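Read through the structure below, which is laid out as structure tokens, and then see the notes.
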């Protein structure tokens, strides 16, 4: 894309991500233990529960009261680690607002924390296509979608996400979505990515979660198909001329792909 054809929103977004990347590089030089691939722990400065991580949350996290309620409720769940990190969710919501998103796709809902997060920033006539195969987890968050007044924006599809994405394409919705978030079974990530790339408009964003996979991508085991799938997709997107990208060490790693 020629430089002068870049929208104002995309230029601002690129600048913001550039600052975030530079900050990460400087932090890595000063605190080597913050390097990629080192699992978080309460013993590290930036680990979950660590003083710097808590400082970041205390000075940047602005959660809607119902969103916070759902996060705390989810933290009591045995599989709470499946929930997207709150700071990452806020970044995605800010990016969605920046590009004036109206239609979003979420692949992997769990309790619906990020579904609610996205629905809250979409306009009243916006919609989130929420894809999952487990209605038990989703039932935890559904009452809170209603409490927050955004239930009407959420189109929950309990079926394999590939099937839902194919239905959207068959209905002629290619190029009509603004934002997509992929956070489901890792071995299907490549297929999710390709279908979302068809569904998202030019200038839209695809966010891909768990791209660092607890550091396992540094040395993928031949028998670990999940890690292999993530590693291959990371290499593919790095060379994909259809998108501009930023890979951020936030949560378990998130890649932001901006469709050209």
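Residue numbers (our numbering): 4 to 263.
Note that CB positions come from ideal geometry on N, CA and C, so glycine has one too.
Only a predicted model underlies this, so the values are computations on that prediction, with no experimental measurement involved.
| Query | Result |
| --- | --- |
| If we ignore side chains and look at the alpha-carbon of each, how far apart do residue 182 and residue 149 end up? | 22 Å |
| Quick test of the definition: if touching needs 3 or more C-beta pairs under 8 Å, does the region 208-217 touch the region 163-170? | no |
| On the three-state DSSP scale, how would you describe residue 160? | strand |
| State the DSSP-derived secondary structure class of residue 209, mapped to helix, strand or coil. | strand |
| Taking C-beta to C-beta, are residue 203 and residue 180 nearer than 7 Å? | yes |
| Look at the Cβ atom of residue 259, then the Cβ atom of residue 249, and state whether they are nearer than 7 Å. | yes |
| When we look at the beta-carbon of residue 57 and count the other beta-carbons within 10 Å, is it buried (16 or more) or exposed? | exposed |
| What does DSSP give as the partner residues of residue 135 in its beta bridges? | 161 |
| Which value, in whole angstroms, describes the spacing of the CA atoms of residue 125 and residue 107? | 9 Å |
| Can you look up residue 113 in the DSSP assignment and give me helix, strand or coil? | coil |
| Could you give the distance in angstroms between the alpha-carbon of residue 111 and the alpha-carbon of residue 134? | 6 Å |
| Whole angstroms is fine: what's the gap from residue 246's alpha carbon to residue 256's? | 18 Å |
| Based on the DSSP secondary-structure assignment, which residues constitute the bridge partners of residue 281? | Any question about residue 281 goes unanswered here, given that the chain covers just 4 to 263. |
| For residue 230, which residues in the same chain have their Cβ closer than 7 Å to its Cβ, ignoring the five residues on either side in sequence? | 216, 219, 220, 223, 224 |
| Decide if residue 174 is buried, meaning its Cβ has at least 16 other Cβ atoms within 10 Å, or exposed. | exposed |
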